[in-house]
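Residue numbers (the numbering used here): 6 to 77. For every residue, glycine included, the Cβ atom is placed at its ideal position computed from N, Cα and C. Before any comments, here is the structure.
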């Protein structure tokens, strides 16, 4: 397989993205879920404006993903 791999930040995947891989190059498309959770926790505890803005921006990315899901 070569192409884009959508995965979370698990360090065990890092070797998959190294150059010279048998089977062709993989491009990492990272997942926002873990990052979003950390911003959510900060916002819930402190009502941080920065964390709130991050949640809004990540939400906008999720909305785009929902809109284009299943498209070629």
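Inset, instruction - Tell me the start and end of each unbroken alpha helix (DSSP H) in the stretch 30-74 that is at least 4 residues and wholly inside, in chain order. - result: Segments of the alpha helix (DSSP H) lying fully in the stretch 30-74: 38-51, 54-73.
Inset, instruction - Tell me whether residue 6 is buried or exposed, calling it buried when 16 or more other Cβ atoms sit within 10 Å of its Cβ. - result: So residue 6 counts as exposed.
Legend entry - Touch test, the stretch 23-33 against the stretch 44-62, Cβ-Cβ under 8 Å, three pairs minimum: Contact fails: fewer than three Cβ-Cβ distances are below 8 Å.
Legend entry - Other residues of its chain near residue 34: CB distance less than 6 Å, five sequence neighbours each side excluded: Cβ within range, chain order: 9, 11.
Inset, instruction - State the DSSP-derived secondary structure class of residue 8, mapped to helix, strand or coil. - result: In the three-state reduction of the DSSP assignment, residue 8 falls in the strand class, which pools E and B.
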